[in-house]
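There are 2 protein chains.
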Amino acid sequence: MDKEPHISQRFDEELHEVHALVLAMGGVVEEQITNAIKALQEPDAELAREVIGRDHEVNGYEVRIEEECINILATRQPAASDLRLVMTLIKTIADLERMGDKASKIADMALAMGHGARNDNPAFLRDVGVMADYALNMLRRAMDALARADAEEAIAVAKGDEVLNQEYRSALRRLITYMMEDPRTITPAIDALFIAKAIERIGDHARNICEYVIYLAKGKSVRHLPLDEVEQSIQGK
Amino acid sequence: MDKEPHISQRFDEELHEVHALVLAMGGVVEEQITNAIKALQEPDAELAREVIGRDHEVNGYEVRIEEECINILATRQPAASDLRLVMTLIKTIADLERMGDKASKIADMALAMGHGARNDNPAFLRDVGVMADYALNMLRRAMDALARADAEEAIAVAKGDEVLNQEYRSALRRLITYMMEDPRTITPAIDALFIAKAIERIGDHARNICEYVIYLAKGKSVRHLPLDEVEQSIQGK
Chain D
1 MDKEPHISQR
11 FDEELHEVHA
21 LVLAMGGVVE
31 EQITNAIKAL
41 QEPDAELARE
51 VIGRDHEVNG
61 YEVRIEEECI
71 NILATRQPAA
81 SDLRLVMTLI
91 KTIADLERMG
101 DKASKIADMA
111 LAMGHGARND
121 NPAFLRDVGV
131 MADYALNMLR
141 RAMDALARAD
151 AEEAIAVAKG
161 DEVLNQEYRS
171 ALRRLITYMM
181 EDPRTITPAI
191 DALFIAKAIE
201 RIGDHARNIC
211 EYVIYLAKGK
221 SVRHLPLDEV
231 EQSIQGK
Chain G
1 MDKEPHISQR
11 FDEELHEVHA
21 LVLAMGGVVE
31 EQITNAIKAL
41 QEPDAELARE
51 VIGRDHEVNG
61 YEVRIEEECI
71 NILATRQPAA
81 SDLRLVMTLI
91 KTIADLERMG
101 DKASKIADMA
111 LAMGHGARND
121 NPAFLRDVGV
131 MADYALNMLR
141 RAMDALARAD
151 AEEAIAVAKG
161 DEVLNQEYRS
171 ALRRLITYMM
181 EDPRTITPAI
191 DALFIAKAIE
201 RIGDHARNIC
211 EYVIYLAKGK
221 SVRHLPLDEV
231 EQSIQGK
């Protein structure tokens with residue numbers, strides 16, 4: 001009566017701690033993306049440099065969480081839903097780390113564009129603002145779904161990625177039109193295009209996290225399946 | 001004498017099987033990239049469609065290998081170097097799957113560009129050819145390093161990624177020059193730019209695999225460390 005529950009309770013605490021660390025990492029990544037977009041829109045070179053300087057914080061979370069997950073695998077030998085949780089966290093941090101990289105790249109471009117005062121195209125800044133708000137909302141909701149292992153919410157967020165992809169394609173078409181109308185805008189428009197692409201990729205990573213959450217909650221991999229099919233199979237359960 | 005070694009031998013076989021599956025997946029991805037580039041250069045619409053149609057094969061490998069790895073974690077509770085191998089394989093297949101996606105996207109663009117007979121810019125095709133050969137060589141060498149858990153080779157390949165990044169930046173500058181000289185080339189040049197970017201990303205994924213191989217061989221994570229530092233610490237061992 002005194003050893004078994006103690007071990008199990010320590011294990012629960014370890015799992016809870018590492019889960020909380022992943023949610024904290026998600027919070028930092030969200031802040032990094034928000035600040036990178038703000039640095040671009042203001043423009044604010046100091047904020048851009050702050051984002052670039054904080055990228056190691058995101059990387060540090062990834063390394064620490066991965067070590068703790070491997071430690072749990074080695075010492076606790078989790079099975080069933082505990083094992084799924086550890087796998088979900090390991091996969092989630094890889095996507096969060098890549099989102100952090102995108103924030104850092106956007107901040108890099110905010111610096112490069114700020115110097116030449118090139119980012120004075122209000123239509124482009126509006127496109128980026130709309131896309132970034134959407135992607136940030138996806139990230140927040142994906143992390144909430146992870147916190148609650150909520151498959152229904154995860155699938156709703158994943159489905160929304162198509163809206164972001166459409167926004168991206170529209171922004172791309174508008175950028176190509178600007179370039180054709182005025183070839184002097186080509187260089188800044190190419191920068192803008194990479195920023196739009198980075199935001200679109202942030203949405204893809206949020207969608208990946210949602211797929212892991214569905215796996216966590218439902219116990220089966222839904223990667224590479226059409227979302228409508230996944231939704232039906234979840235509701236059928 | 002008859003139970004322990006038997007279990008251990010079955011376990012070795014399981015690990016060996018899943019390792020072999022990952023190497024086979026690497027071979028398919030290499031073929032997909034090779035064919036996508038060929039479909040673009042010829043151009044060959046049928047080959048492009050074949051690449052797109054075979055993407056599910058790459059995805060199938062990812063799902064199957066991940067299931068087998070989770071099964072090994074759940075039933076064999078591997079520790080130390082066995083656990084590192086399983087983690088390395090789980091991470092490697094995520095990068096291979098993304099490289100497969102890039103091949104499929106290049107094939108998509110080969111189809112789109114082929115219709116308009118736009119890919120008749122020999123300088124661009126040469127750039128893509130050079131970059132693709134380099135990226136494919138990185139992938140092949142990364143998979144060889146994985147097969148032999150060879151940290152020295154992995155670090156050599158990872159360091160080479162900077163060469164590919166430079167090739168990419170040069171190609172990007174040339175594309176921007178074409179667009180400025182002749183704005184009618186803007187649309188095909190944007191397609192070309194995304195193809196160059198996809199190849200550059202394939203190199204990043206090969207580099208990621210190399211970092212996992214170093215972790216596998218040396219037992220410590222080298223993600224986010226400067227490669228020169230990693231090299232010194234490996235040689236110091």
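Protein chains in written order, with full-length UniProt numbering: chain D, 1 to 237; chain G, 1 to 237.
By construction, the Cβ of each residue, glycine as well, lies at the ideal position given by its N, Cα and C atoms.
- [ ] Kindly indicate which three-state DSSP category residue 223 of chain G falls into: helix, strand or coil?
- [x] coil
Task: Heavy atom of the ligand ADP within 8 Å of residue 168 of chain D beta-carbon - done: The model on display carries no ligand, and the ligand ADP is accordingly not part of it.
Task: Meets three-Cβ-pair contact criterion under 8 Å: the stretch 42-55 of chain D and the stretch 76-96 of chain D - done: no
Task: Continuous alpha helix (DSSP H) assignments of at least 4 residues falling wholly in the UniProt domain "PhoU" (23-108) of chain G - done: 45-76
TODO: Identify which residue in D/177, D/168, D/215 has its Cα closest to the Cα of residue 202 of chain D.
DONE: D/168
Open item on the list: Just to make sure I have the definition right: I need the residues of chain D whose C-beta is within less than 9 Å of the C-beta of residue 63 of chain G. Which are they?
Closed with: 221, 223, 224
TODO: Please confirm whether residue 68 of chain G and residue 13 of chain G have their CB atoms less than 9 Å apart.
DONE: Here residue 68 of chain G is not near residue 13 of chain G, since their CB atoms are 9 Å or more apart.
Open item on the list: For residue 149 of chain D, report the span of its alpha helix (DSSP H) as first-last.
Closed with: It is not in any alpha helix (DSSP H) - residue 149 of chain D carries neither H nor E in the DSSP assignment.
- [ ] Less than 8 Å between the CB atoms is what I'm expecting for residue 186 of chain D and residue 180 of chain G, so what's the real figure, rounded?
- [x] 6 Å
Open item on the list: Quick check: the Cα distance between residue 100 of chain G and residue 114 of chain G, rounded to an integer number of angstroms?
Closed with: 21 Å
Open item on the list: Between which residues of its own chain and residue 212 of chain G is the CB-CB distance below 7 Å, once the five residues before and five after are set aside?
Closed with: For residue 212 of chain G, where only same-chain residues beyond five positions count, the Cβ hits under 7 Å are 88, 91, 92.
Task: Rounded straight-line distance, which links the Cα of residue 79 of chain G to that of residue 16 of chain G - done: 16 Å
Open item on the list: Going by beta-carbon coordinates alone, are residue 65 of chain D and residue 152 of chain D separated by less than 9 Å?
Closed with: no
- [ ] For my contact list, residue 102 of chain D and residue 198 of chain D are in at a C-beta cut-off of 8 Å; report their separation, rounded to the angstrom.
- [x] 4 Å
Task: Straight-line gap, residue 104 of chain D to residue 76 of chain G (C-alpha atoms, nearest Å) - done: 40 Å
Task: Proximal residues, the stretch 79-109 of chain D versus chain G, C-beta separation under 9 Å - done: Cβ contacts with chain G come from 79, 80, 83, 84, 86, 87, 90, 91, 94, 97.
Task: Distance between residue 214 of chain D and residue 135 of chain D (C-alpha atoms, nearest Å) - done: 19 Å
Task: Buried or exposed (CB count within 10 angstroms, at least 16 for buried), residue 226 of chain D - done: exposed
- [ ] Taking only the alpha-carbon atoms, compute the straight-line gap between residue 141 of chain G and residue 59 of chain G and give it to the nearest angstrom.
- [x] 22 Å
- [ ] Report the three-state DSSP secondary structure of residue 182 of chain D (helix, strand or coil).
- [x] In the structure shown, residue 182 of chain D sits in coil (DSSP, three-state: anything other than H, G, I, E or B).
Open item on the list: Counting C-beta neighbours from all protein chains within 10 Å, is the total for residue 219 of chain D 16 or more, i.e. buried, or is it exposed?
Closed with: exposed
Open item on the list: For a quick check, are the C-beta atoms of residue 63 of chain D and residue 221 of chain G less than 9 Å apart?
Closed with: Against a cut-off of 9 Å, the Cβ pair of residue 221 of chain G and residue 63 of chain D comes out as a contact.
TODO: Can you tell me which of the three DSSP states residue 210 of chain G falls into?
DONE: Of the three classes helix, strand and coil, the one that applies to residue 210 of chain G here is helix, per DSSP.
TODO: Can you say whether residue 166 of chain D is buried or exposed, counting buried as having 16 or more other CB atoms within 10 angstroms of its CB?
DONE: exposed
- [ ] Report yes if the CB atom of residue 112 of chain D is closer than 9 Å to the CB atom of residue 178 of chain D, and no otherwise.
- [x] no
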